[in-house]
Amino acid sequence: MRSFGFVAAGLIKYRGSHCSAVAGRLGTDMCKEPKTKLLRLYPPTSNGPTVHQETQTVRSKNDSEVLSCTVKALKDGHIVAVPTDTIYGLACLAQNSEAVKKIYEVKERNGQKPLAICVGEIQDIYQYCKVKVKEGLLGDLLPGPVTLVFERSGKLNTNLNPFTSLVGVRIPDHAFMRRLCQMCGEPLALTSANISSTTSTVEVHEFQELWSKLAVVVDGGPIGDETRQGSTVIDLSVPGKYRVIRPGCALSATLDVLEHKYGLSENSKEE
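If you use full-length UniProt numbering, the sequence shown corresponds to residues 1 to 271, in order.
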């Protein structure tokens with residue numbers, strides 16, 4: 001898992017006394033709109049264990065503050081922009097129907113296109129999906145740049161993708177995202193941070209036209225996947241079979257695991 005530290009570089013007028021206190025203490029930079037706040041992550045440190053204790057303490061304190069503000073925004077039903085291990089994403093609580101509706105509006109997304117969910121741990125997948133593969137397979141692919149599609153369980157919000165019995169699930173290989181899911185205690189609905197049918201984004205300024213519609217923009221710096229392909233999406237809802245829905249950025253490595261280690265064969269049929 002990647003190490004991470006971050007500082008609130010800009011916190012704008014926002015609901016909640018805790019976040020307001022952080023704003024007064026840590027930030028002066030501003031997003032364009034008064035109800036949007038920009039939180040900037042520290043880049044990962046290059047000198048590992050040799051980081052001074054004082055610096056590490058500051059990073060740890062900021063970790064908690066930024067996470068707390070982002071969690072609060074999500075719990076209040078807002079949409080946030082977050083970095084992942086592939087591209088920037090828009091997220092909301094998957095169990096909140098109004099927030100799900102809002103994320104479609106922000107993205108101008110076709111209502112018949114599904115949203116994936118994002119969780120923090122492999123065991124969380126079993127709550128919201130009917131898993132028909134070995135747990136070892138999940139561990140070989142996740143966390144990572146892969147979205148696995150399963151039959152949804154009854155615990156998942158029926159207003160999330162009501163037109164399909166399937167749902168894609170992600171665990172990004174990104175420490176901030178995993179911790180965010182863990183602190184929320186429920187899945188996030190996750191989609192790319194861009195207007196539908198436009199280019200995926202790897203820096204926050206690339207989707208600046210959306211900032212005014214978001215409660216929080218978490219700036220994790222440039223994301224390394226310059227291909228902008230997003231995650232590889234694989235349907236594993238049929239026992240013993242797999243189907244490639246989107247090649248994405250990790251297709252070759254994913255197919256190697258599915259075919260050579262677990263003996264799955266390709267299923268060309270669509271739902």
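No residue lacks a Cβ here, since even glycine has one placed at the ideal position from N, Cα and C. Predicted model only: the values in this text are computed from it and were never measured.
How big is the Cα-Cα spacing for residue i and residue j?
i      : j      : result
Lys213 : Leu255 : 38 Å
Leu26  : Val146 : In this prediction, Leu26 scores a pLDDT of 40, lower than 50, which makes its location untrustworthy; the coordinate-derived value is nonetheless stated afterwards. Rounded to whole angstroms, Leu26 to Val146 spans 35 Å at the Cα level.
Thr191 : Gly263 : 30 Å
Glu266 : Tyr242 : 5 Å
Asn157 : Lys72  : 20 Å
Asp29  : Leu38  : Low local confidence applies: a pLDDT of 43 at Asp29 is under 50, so the model's placement there is unreliable, and no value is given.
Asp76  : Cys181 : 15 Å
Ala175 : Ser268 : 35 Å
Asp63  : Glu108 : 32 Å
Val257 : Gly136 : 10 Å
Lys261 : Lys35  : 49 Å
Gln106 : Gly89  : In the sequence as displayed, the identity of residue 106 is Val instead of Gln. Each residue's alpha carbon lies about 12 Å from the other.
Val204 : Asp219 : 6 Å
Ala193 : Gln127 : 26 Å
Contact check, residue i vs residue j under 8 Å by CB: the rounded distance?
i           : j      : result
Arg152      : Val167 : 4 Å
residue 277 : Val216 : Beyond the ends of the chain as shown, which are 1 and 271, falls residue 277; an answer cannot be given.
Ile234      : Val169 : Wrong, their Cβ atoms sit about 11 Å apart, outside the cutoff.
Pro172      : Asp85  : 5 Å
Lys132      : Ser237 : 7 Å
Leu138      : Ile122 : 5 Å
Lys221      : Leu67  : The sequence given here places Gly at residue 221; Lys does not occur at that position. 17 Å between Cβ atoms; not a contact.
Phe163      : Gln112 : 6 Å
Ala189      : Leu160 : 6 Å
Arg246      : Ile87  : Actually they do not touch by this definition, with Cβ atoms about 13 Å apart.
Val100      : Ala91  : No, Val100 and Ala91 are not in contact; Cβ-Cβ is about 11 Å, not under 8 Å.
Is it buried or exposed for residue i, if we count other Cβ within 10 angstroms and need 16 for buried?
i      : result
Ile61  : First, the residue type needs correcting, since residue 61 is Lys and not Ile in the sequence shown. Flag for Lys61 reads exposed.
Phe150 : buried
His78  : buried
Gly240 : exposed
Pro83  : buried
Asn96  : buried
Ser200 : buried
Gly224 : exposed
Asn110 : exposed
Thr198 : exposed
Ser165 : exposed
Could you tell me which residues DSSP pairs with residue i in its beta bridges?
i      : result
Ala73  : Note: Ala73 sits in no beta bridge, so no partner.
Phe207 : None, per the DSSP bridge assignment.
Asp173 : Per DSSP, none; premise fails for Asp173.
Leu168 : The amino acid at residue 168 is misidentified as Leu; the sequence shows Gly. Beta-bridge pairing links Gly168 to Val149.
Cys92  : Ala189
Val131 : BP columns for Val131 are empty, so no partner.
Ser196 : Answer is none; Ser196 lacks a bridge partner.
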